[in-house]
């Protein structure tokens, strides 16, 4: 979610349903800042999706 902080409070600019996902995008960079590197993030997301099994045919 992108937003601006104004004197009257936060204003939503847009909601990103598909965050950027290159190595320089903010989503993986936020995870990297918390100690989760890009390969681990990808592996975790894939493992989680497979474990959920939603949409698999």
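Residue numbers (this note's numbering): 246 to 302. From the three backbone atoms N, C-alpha and C, an ideal C-beta is built for every residue, glycine too.
Alpha-carbon spacing of residue i relative to residue j, whole angstroms
| i | j | result |
| --- | --- | --- |
| residue 272 | residue 278 | 10 Å |
| residue 274 | residue 285 | 12 Å |
| residue 254 | residue 298 | 40 Å |
For residue j and residue i, believed in contact at Cβ under 8 Å, the rounded distance
| i | j | result |
| --- | --- | --- |
| residue 261 | residue 249 | With 8 Å as the limit, residue 261 and residue 249 do not qualify as a contact, their Cβ atoms being about 15 Å apart. |
| residue 283 | residue 268 | 5 Å |
heavy atom of the ligand FAD below 7 Å from residue i C-beta
| i | result |
| --- | --- |
| residue 261 | The ligand content of the structure shown is nil, which means the ligand FAD is not present either. |
Boundaries of the alpha helix (DSSP H) in which residue i is found, first to last residue
| i | result |
| --- | --- |
| residue 291 | 283 to 297 |
| residue 273 | 271 to 278 |
Endpoints, beta strand (DSSP E) assigned at residue i
| i | result |
| --- | --- |
| residue 255 | 254 to 259 |
| residue 250 | 247 to 251 |
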